[in-house]
Amino acid sequence: MSKAKIGAIIVSVVLVFYFVLMGQRAWILVREPAMIPKIMGIALFVLPVIGAWTLIVELVFGARTEKLARILGEEGGLPVDDLPRTPGGKIIREAADREFVKYQAEAEAAPEDWRSWFRLSCAYDASGDRKRARATMRKSISLFREGQKQGA
């Protein structure tokens, strides 16, 4: 099991524990006769629900990303991680930016291919643009799922 999976499991367990504790506190407050504690109790119910929803969304995103990476790896289509790095292990951004152009052109040439979007997402990530990397990975996942529906 990878360090990332172990970390995700630990964070998930801690969050679930937190949600349970907040639920208990919320229940105590909601049962109070005064209005202010009741409102606080309702807020304490809502916040863990939002947190739980966010946790589930992120876990599903991670599982789907891992599935696509496994499929692409089996096909031999994962981008090669040969970019130069600093002594601390961080990818040198200028090199990643030069490689990025190749993956961007590939995605533009094959806009309906989830594989090209997956590789573009990896290029965004290597260039340090996590927001676009995640959005592009969502596009890749969406295209993969559409292809599964059409193929079924």
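Going by numbering that gives the first Met the number 0, 44 is the number at position 45 of the sequence shown; the sequence numbering is gapless.
Cβ coordinates follow ideal geometry from the N, Cα and C atoms, glycine included.
Looking at the DSSP output, Arg84 shares a beta bridge with Ile90. Look at Ser115 here: in three-state DSSP terms it is helix. For Phe143, same chain residues with a beta-carbon under 7 Å away, outside a window of 5 residues either side, are Leu67, Trp113 in chain order. With a threshold of 16 other beta carbon atoms within 10 Å, Arg69 falls short and is exposed. Comparing alpha carbon positions, the residue from Glu145, Arg137, Gln149 closest to Val59 is Arg137.
The shortest C-alpha to C-alpha distance from Ala104 to any of Glu111, Ala94, Ser115 is the one to Ser115. If you check the CB distance, Lys37 and Val29 come in under 9 Å. For Glu111, the closest alpha carbon among the candidates Lys2, Thr135, Leu82, Val15 is that of Thr135. For Ser1, the number of other beta carbons within 10 angstroms of its own is below 16, and it is reported as exposed. Here DSSP, grouped into helix, strand and coil, assigns Asp128 to coil.
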